Each structure stands twice: as C-alpha cells, then as structure tokens.
Amino acid sequence: MEFFCPNFKLFIPEKMKTFYKLSLIILAIFTSFEVTAQTTPKANITGIILDENKKPADYVTVVLFKAADSSIVKTAFTDQTGAFGFAVNTKGNYFYKASSMGYKTLKSKVATLDDSQKIDFGSAQLSAASQSLKEVTVAANVPLVERKMDRTVMNVASSSIASGSTALELLQKAPGVNVDQNDNISMQGKQGVLIQIDGKQTYMSSGDVANLLRGMQSSEIETIELITNPSAKYDAAGNSGIINIKTKKNKGGGTNGSLIGAFGRGTKFRSSAGGSINHRTKSLNLFGNYNFYQRDRETFMEIDRIATVSPSNRYLSGINTIIYLIT
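Throughout, our numbering is defined as the position within the sequence shown, counted from one, plus 1.
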C-alpha cells in the first residue's frame, strides 16, 4: 500500500528507530546536496562561431545583449570547438555580437527565450576585415574584453556596461564568472576565487565581499582582471583563480571625492550609497571609499514525504525544495 501526505505519523518499533534515524540523516544529506548542485547554472543560450574557412574559431569574444534596450547581459569566449554558452534566467529577446582581431564584428539575429528556456543560435561564420593601402586610419577604441598572456581584462571605464549598476552586477557579466544565490563567487566553475581590490586581497568572507561589491557603483571601476591560472607569485589562496577589480583614481593633483546613491524596488525596497575620496601629490596618492547596501531576501522551503507501508517493510522518502526569492 502506498500513500502520500504532507504530514503523517507512523508507528515504528523501538529497535528500528536507529535505522530510520540514520536513513533520514542520509536522506537530508542527499537532498541538500541535490539542491546545492542545482545552483550551478547551465548554458541555455548557445551557438558556434566559425572562421572564414568554416573551421571552429576559438577565443572569439561573444557579448550577449538584450534586444529591448541593447544592454549587455553577459560576455564569454568560444572554446576550441568554436562553441559558446550563456546561462540566462530571464525570458525575453536576445542577440549577440562576436568579435576577434582581423575579423569584422558579427551580429546575430534576435531570438526569443520563452517557456522552452533554450536558444540555439546555430553556427555563424566570421568574415575577414577588408584591408586598404590607400588610407590608414588608426582607431583608439578599446575593446570591452581583452585576452592577455596571463589574464583576461574587462575594460569597464570605456564601455556603456558600467552605467547604472553595482560592481557585483558588473562582475556577473564577466566571462566565466558566476555568483549564486548564496553570494558564492566562482570562475570557470571553481569556488574559492580570491577577490582583490586594486591588487590588495580583501580578507573577507564571500558574503562580505558580495556586500562590498553591491555597495560599490560600477562607475567607480576602471578594469576587471580575471586570472584563471595564477602563477607561483600569488598566494596559495588564489589557486581557484583571482579577480582583481581596479578602481578609478584621479590622475591630477589635489583632493577630490564623490558621493553616489541609488535605490530600487522588486517586491521589496533596496538601496545603496557610497562615497570616495582621493588625494594626490607628486610622490603620494591616497584613495579610500565607503559603500553601503541594503536588501531583503526571502527563503521558502517545501517538504514532501512519501510513506510506503507493507506487512514486512516500511519505507520513508522525501524531497526538500528550497526556493530563494531575492528582492
């Protein structure tokens, strides 16, 4: 006989209580692991970039945009097979731009992320940039994302990506970076990433670092450096990767500062405020800032239990579902 109920009482002989206690402990561990594992996002917007010879093009910069306002959602690089992927939770219309040195910028068609929760842009081919010897024009445009020998650099200050967001929101748009609902920052799927501000280690927990970045406005940031394979000169704490956030500093002499405030509302009110001050002389530069962020988060838990009873056996099983509502 099998029946389902949200709450029930079941007679269990005294000598079997230890077995059931152990079973429930194992079940709790299993379901907790299952919920945690599901927090890692899986790419649901995918595509493949080919070069002019129709071969996979690796290390191509791909930037995902919202079609409604052309705002940047996320950046990524293609792998050795030319494939790229983005994990997006919001339904809507999206397109991407792919760029690489020596090629024209490729813009995709607009596609819709609906109830199917998946977009496959298919394959797209880059075309070589035309070269003319009649006239040479040097453009000083700085790319949003640069790949260097030992790191990837996001040039935030020279891009519209820095407008109207916090440093944490900006960090989530960086290639290979993910921030889960528990404020754990990972890079290339690795937890325990070392966060630096202007080359200095923060020495804070992941939650405190996330709160610090929530209070910091993206307009204060110059560049974000992503180091996925740190060299031996870095501390062992950065084995999972290093994210170095470089802030803007006034290059002129004297003292100056700024105050920034922002607020918003989801289901509940949230706000942030901050300020910075900078003093520079010919031989000395002092810089400091303070940021504050306030928000509310609600957590709901649903517990379903199933009891299977027969003359010789009794079984308990259950599923725990944790739902986070970030407001």
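A virtual CB, placed ideally from N, CA and C, is assigned to each residue, including glycine. Keep in mind it's a predicted model, so treat the numbers as computed, not measured.
With distances taken from CA atoms, which of Leu213, Phe96, Gln118 is nearest Val111? Along the sequence shown, one-based indexing puts residue 111 at 110. If you compare the alpha carbons of Leu213, Phe96, Gln118 with that of Val111, the shortest gap goes to Phe96.
Report the residue from Ser101, Phe66, Thr76 whose alpha carbon sits nearest the alpha carbon of Asp52. In the sequence shown, counting from the first residue as 1, residue 52 sits at position 51. Residue Ser101 holds the alpha-carbon nearest to the alpha-carbon of Asp52 among Ser101, Phe66, Thr76.
Between the alpha carbons of Gly275 and Asp115, how many angstroms are there, rounded? In the sequence shown, residue 275 corresponds to position 274, counting from 1. In the sequence shown, residue 115 corresponds to position 114, counting from 1. About 38 Å.
Does the Cβ-Cβ distance between Ile50 and Gly83 come in under 8 Å? Reading the sequence shown from its first residue, position 49 is the one you call residue 50. Reading the sequence shown from its first residue, position 82 is the one you call residue 83. Going by C-beta atoms, Ile50 is nearer than 8 Å to Gly83.
Terminal residues of the alpha helix (DSSP H) in which Gly123 lies: Locating residue 123 in the sequence shown gives position 122, counting from the first residue. Unbroken run through Gly123 is the beta strand (DSSP E), 120-126; no alpha helix (DSSP H).
Any idea what DSSP makes of Ala77, helix, strand or coil? Here residue 77 refers to the residue found at position 76 when the sequence shown is read from its first residue. The answer is strand: DSSP assigns Ala77 an E or B state.
Coil, strand or helix - Leu160 by DSSP: If you number the sequence shown from 1, residue 160 lands on position 159. Per the sequence shown, the amino acid found at residue 160 is Ser instead of Leu. It is coil, neither helix nor strand.
In three-state terms, what does DSSP make of Ala173? Taking the first residue of the sequence shown as 1, we reach residue 173 at position 172. Rather than Ala, the amino acid found at residue 173 in this sequence is Gln. If DSSP states are grouped into helix, strand and coil, Gln173 belongs with the helices.
Provide the residue span of the alpha helix (DSSP H) that contains Lys207, from first to last. For this step, residue 207 is matched to residue 206 along the sequence shown. Note that residue 207 corresponds to Ser in the displayed sequence, not to Lys. Start and end: 207-216.
Should Met155 be labelled buried (16 or more other beta-carbon atoms within 10 Å of its own) or exposed? The residue you call residue 155 lines up with position 154 of the sequence shown. Per the 10 Å Cβ criterion, buried.
Where do the ends of the beta strand (DSSP E) carrying Lys247 lie? Indexing the sequence shown from 1 puts residue 247 at position 246. Looking at the DSSP string, the run of the beta strand (DSSP E) that includes Lys247 is 243-248.
Figure out for me which residue from Leu145, Glu221, Asp209, Asn212 has the closest Cα to the Cα of Val74. What you label residue 74 is simply residue 73 of the sequence shown in a count that begins at 1. Residue Leu145 is the option with its Cα nearest to Val74.
What do you reckon, are the CB atoms on Leu107 and Ala130 nearer than 8 Å? Translated into positions along the sequence shown, residue 107 becomes position 106. Translated into positions along the sequence shown, residue 130 becomes position 129. Cβ atoms of Leu107 and Ala130: not closer than 8 Å.
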